[in-house]
Amino acid sequence: MSLLVDPCCCKTTLTSSRFFGIPTSAMSMRAVFAKNKTRGLGFGLRQVRAMQTVTLPDLDYDFSALEPTINGEIMQIHHQKHHRAYVTNYNKALEQLEEAIGKGDSSKVVGLQGAIKFNGGGHVNHSIFWKNLAPKKDGGGEAPHQSLGWAIDTSFGSLDNLMKKINADGAALQGSGWVWLAYDKELKNLKVETTPNQDPLITKGQNLVPLLGIDVWEHAYYLQYQNMRPDYLKNIWDVINWKYASQVYKKESA
Amino acid sequence: MHGAVIASLSPSTSSSSSSLYPALIPFSGCISLTRQCKTHKVTRRRRAASITAQIELKPPPYSLNSLEPHMSSQTLEYHWGRHHKNHVEGLNRQIVGTELDAVSLEDIITVSYNRGNPLPAFNNASQIWNHDFFWNSMKPDGGGHPSGVLLELIERDFGSYESMLKEFKHAALNQFGSGWVWLAYKANKLDVGNAVNPFPSEKDNKLVVAKTPNAINPLVWDYSPILAIDLWEHAYCLDHENRREEYISIFMEKLVSWDVVSSRLEIAMERAAERAREKDTKEENEHTQGDDEGEEMYLDSENEDSEAE
Numbered sequence: 001m002s003l004l005v006d007p008c009c010c011k012t013t014l015t016s017s018r019f020f021g022i023p024t025s026a027m028s029m030r031a032v033f034a035k036n037k038t039r040g041l042g043f044g045l046r047q048v049r050a051m052q053t054v055t056l057p058d059l060d061y062d063f064s065a066l067e068p069t070i071n072g073e074i075m076q077i078h079h080q081k082h083h084r085a086y087v088t089n090y091n092k093a094l095e096q097l098e099e100a101i102g103k104g105d106s107s108k109v110v111g112l113q114g115a116i117k118f119n120g121g122g123h124v125n126h127s128i129f130w131k132n133l134a135p136k137k138d139g140g141g142e143a144p145h146q147s148l149g150w151a152i153d154t155s156f157g158s159l160d161n162l163m164k165k166i167n168a169d170g171a172a173l174q175g176s177g178w179v180w181l182a183y184d185k186e187l188k189n190l191k192v193e194t195t196p197n198q199d200p201l202i203t204k205g206q207n208l209v210p211l212l213g214i215d216v217w218e219h220a221y222y223l224q225y226q227n228m229r230p231d232y233l234k235n236i237w238d239v240i241n242w243k244y245a246s247q248v249y250k251k252e253s254a
Numbered sequence: 001m002h003g004a005v006i007a008s009l010s011p012s013t014s015s016s017s018s019s020l021y022p023a024l025i026p027f028s029g030c031i032s033l034t035r036q037c038k039t040h041k042v043t044r045r046r047r048a049a050s051i052t053a054q055i056e057l058k059p060p061p062y063s064l065n066s067l068e069p070h071m072s073s074q075t076l077e078y079h080w081g082r083h084h085k086n087h088v089e090g091l092n093r094q095i096v097g098t099e100l101d102a103v104s105l106e107d108i109i110t111v112s113y114n115r116g117n118p119l120p121a122f123n124n125a126s127q128i129w130n131h132d133f134f135w136n137s138m139k140p141d142g143g144g145h146p147s148g149v150l151l152e153l154i155e156r157d158f159g160s161y162e163s164m165l166k167e168f169k170h171a172a173l174n175q176f177g178s179g180w181v182w183l184a185y186k187a188n189k190l191d192v193g194n195a196v197n198p199f200p201s202e203k204d205n206k207l208v209v210a211k212t213p214n215a216i217n218p219l220v221w222d223y224s225p226i227l228a229i230d231l232w233e234h235a236y237c238l239d240h241e242n243r244r245e246e247y248i249s250i251f252m253e254k255l256v257s258w259d260v261v262s263s264r265l266e267i268a269m270e271r272a273a274e275r276a277r278e279k280d281t282k283e284e285n286e287h288t289q290g291d292d293e294g295e296e297m298y299l300d301s302e303n304e305d306s307e308a309e
């Protein structure tokens, strides 16, 4: 069996597998939570990769490509420092978790949950955020059409209304967090949600899929907008990549 | 300079007179008591300023460029000149014409905390207090080490200054998101009425390190903060990007005004001693006035062994 961590939703799944025809469910728990390299133990029996670590995804555009909406300095620090730190610390927490599970140290396992949620959430959220942005030349700012466009009109009356709601909720969020356009897979509708700190959208409901997330942590805008978060929110629509949101919506609502 | 200016949230001080927030009768009673018993309160509390109609934007006790190179003047210009100022202007707009208009900042904080479901004025009020406290926690050419009674208590309650520092930094690095970390003197009742006390009574009359999210501060737990560091990103991102640990180290090594921390501790201990005296006096009065039933209860609690015999 192997333990996979889906970076997009932080879901961990145990999958069964066979190696050389030997069902790996027969392996010991210790083997399941082996180090993040497959180890050769000789022919016939081999530990399968368990705790999958994450990597910093590349941006689809240059750091300065979103100017003047978000300047290059912010994008560089945001991606190279903040997101990279979440990746590093998440991987470190996963290693510690693996070790704690292997030792049967339940206190430590529970104690690590804060760091996992924070850093893992930070990685999940930012991975989505980079996809939610695009330079104008690549469609950034172009309004959504077809199914997502209709769904927005149905749920909010108009795209303008949606933007106003997101701006209001994002500005009102106290401290750090995110504002989301979410698709509820069960109710089959769209809604605006906020999450505090680095909590991913799924913490607000297992059925919620993030279509669009806007980072309202100060590091996302401070160097350029200082304390004027409302201005950042007003301007960011110029570089929102509705094509990505539409793709996700089509897939999830099919 | 802020001392341990904290409203007492003892349920015994509540009254049913003039209710500001019907849902918060114990606390509106507290405000009424403050007005009625002002002279009594003054002997127990030291206020930085008398009650005024409008909350002021107080400048730090040093010029905005004098913490360089450890904290840039640009950071202070934005942090004090925009963030702190916005909180003051925001709160004044929220309280004008309401009963909170003539109430001390500390009372606004403790009332509006509302057991963790803060009312609209809480965020601004608490952040004003927090920032005033923060500016006064620093000084040009600060840092170094604590001394005197402060150092004695740090060594008593943490083992050593280095241990306290380690715990302080650990709390700061594990405050995920915006917030504050505090060194505080805890001398209060376990049930503080308006909030869930995070530390048990074993920590009474001791120094504790506490972290709080967003705008919350230890006043809501009836603690006496003596030192604080602001962990909102705006406090350090211009100077340190995302390197929060570096910011914390520089704050402790180069900026903290240990003199101010010491004098806050002195006030906090004096307040605790005064409370203890008041409690003794009250118990003594109850004992001498008590009826038979009251005396029986008193004796029972003192002589449980005799019951078992």
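Protein sequences, first through last, are from chains A and B.
Residues in the first sequence are numbered from 1 upward in steps of one, following the UniProt record's numbering.
Residues in the second sequence are numbered from 1 upward in steps of one, following the UniProt record's numbering.
For each residue, glycine too, the CB sits at the ideal point set by N, CA and C.
Looking at chain A, is there any beta carbon in it that lies within less than 8 Å of the beta carbon of residue i?
i	result
SER28/B	Unreliable positioning characterises SER28/B in this predicted model, as indicated by a pLDDT of 37, which lies under 50. The coordinate reading is nonetheless provided below. So, not an interface residue.
residue 339/B	Past the boundaries of the shown model lies residue 339/B; chain B is included only from 1 to 309, so the question cannot be answered.
GLU241/B	yes
residue 358/B	In this structure chain B extends from 1 to 309, so residue 358/B is not present and cannot be described.
SER178/B	yes
ASN117/B	no
PRO120/B	no
LEU24/B	Because the pLDDT at LEU24/B is just 35, under 50, the model does not fix this residue reliably, and the point stays unresolved.
THR43/B	In this prediction, THR43/B scores a pLDDT of 32, lower than 50, which makes its location untrustworthy; the coordinate-derived value is nonetheless stated afterwards. Answer no: the Cβ-Cβ gap between THR43/B and chain A never drops below 8 Å.
SER50/B	At SER50/B, the pLDDT of 44 sits below 50, so the modelled position is not reliable; the number obtained from the coordinates is stated separately. It does not: the Cβ of SER50/B has no partner Cβ on chain A nearer than 8 Å.
ASN124/B	no
Which same chain residues end up closer than 6 Å to residue i when comparing Cβ atoms and leaving out the 5 residues on each side of it in sequence?
i	result
ILE250/B	HIS70
Return the residue from the list the options that minimises the CA-CA distance to residue i.
i	options	result
ASN123/B	LYS254/B, LYS186/B, THR212/B	THR212/B
GLU167/B	GLY177/B, LEU183/B, GLY179/B, SER178/B	LEU183/B
ASP58/A	LEU133/A, GLN146/A, ILE101/A	LEU133/A
ILE202/A	ASP184/A, ASN189/A, TRP217/A	ASP184/A
residue 312/B	LYS279/B, PRO146/B, PRO59/B	Nothing in the structure corresponds to residue 312/B, since chain B is present only between 1 and 309.
GLN226/A	ILE95/B, CYS237/B, HIS170/B, GLU89/B	CYS237/B
ALA85/A	LYS108/A, HIS126/A, ASP60/A, GLN96/A	HIS126/A
TRP129/B	LEU91/B, ASN205/B, GLU68/B, PHE199/B	LEU91/B
THR53/A	SER106/A, GLY104/A, LEU173/A, GLU95/A	GLU95/A
PHE129/A	TRP217/A, LYS165/A, LEU173/A, VAL110/A	TRP217/A
TYR89/A	LEU173/B, ASP101/B, GLY143/B, ASP157/B	Note that residue 89/A is Asn in the sequence shown here, rather than Tyr. Checked all of LEU173/B, ASP101/B, GLY143/B, ASP157/B; the closest Cα to ASN89/A is LEU173/B.
LEU231/B	HIS131/B, SER112/B, GLN289/B, MET269/B	HIS131/B
Using C-beta distances below 8 Å, list every residue in its chain close to residue i, excluding the 5 sequence neighbours before and after it, in chain order.
i	result
ALA93/A	LEU112, ALA115, ILE116, ASN119, GLY120
GLU246/B	HIS240
THR55/A	VAL87
Run through DSSP, which three-state label would residue i get?
i	result
MET29/A	Because MET29/A carries a pLDDT of 42, less than 50, the predicted location of this residue cannot be relied on, and the following value inherits that uncertainty. DSSP places MET29/A in helix when its eight states are reduced to three.
TRP180/A	strand
LEU154/A	Note that residue 154/A corresponds to Thr in the displayed sequence, not to Leu. Reduced to three states, the DSSP call for THR154/A is helix.
PRO210/A	strand
VAL256/B	strand
ILE22/A	Note that ILE22/A scores 37 on pLDDT, short of 50, meaning its location in the model is unreliable; the coordinates nonetheless yield the value given after this. If DSSP states are grouped into helix, strand and coil, ILE22/A belongs with the strands.
LYS179/B	Looking at the sequence shown, residue 179/B is not Lys but Gly. In the structure shown, GLY179/B sits in a strand (DSSP, three-state: E or B).
VAL209/B	strand
THR75/B	helix
ALA134/A	coil
THR288/B	helix
LEU231/B	coil
SER224/B	strand
CYS37/B	Because CYS37/B carries a pLDDT of 33, less than 50, the predicted location of this residue cannot be relied on, and no value is offered for it.
ALA215/B	coil
ASP141/B	coil
LEU67/B	coil
LEU190/A	strand
ASP215/A	strand
ALA184/B	strand
Return no unless some Cβ of chain B is closer than 8 Å to the Cβ of residue i.
i	result
ASN197/A	yes
GLU142/A	no
ALA85/A	yes
PHE118/A	yes
HIS82/A	yes
SER176/A	yes
ASN227/A	yes
Quick one: residues in its chain with C-beta nearer than 7 Å to the C-beta of residue i, no 5 flanking neighbours on either side, listed in chain order?
i	result
VAL209/A	ALA182, TYR183, LYS185, VAL248, GLU252
PHE199/B	LYS186, VAL208
With 8 Å as the C-beta to C-beta threshold (strictly closer), list the residues of the region 68–95 of chain B near chain A in chain order.
Going along the region 68–95 of chain B in chain order, one finds TYR78, ARG82, HIS83, ASN86 with a Cβ nearer than 8 Å to chain A.
What residues from the region 198–223 of chain A come within 9 Å of chain B, judged by C-beta to C-beta, listed N to C?
Here the close residues are GLN198, TRP217, GLU218, HIS219, TYR222, LEU223.
Quick one, which residues of the region 64–78 of chain A are near chain B if we go by CB-CB under 7 Å, in chain order?
Within the region 64–78 of chain A, contact with chain B at the beta-carbon level (separation under 7 Å) is assigned to ILE77.
Members of the region 196–217 of chain B near chain A, C-beta cut-off 9 Å:
Here the close residues are PRO213, ASN214, ALA215.
Which residues, in chain order, does the region 146–177 of chain B contribute to contact with chain A at a C-beta distance below 8 Å?
Only ASN174, PHE176, GLY177 from the region 146–177 of chain B bring a Cβ to less than 8 Å from some Cβ of chain A.
Of the residues that make up the region 98–131 of chain A, which ones have a beta carbon closer than 7 Å to any beta carbon in chain B?
Here the close residues are GLY114, PHE118.
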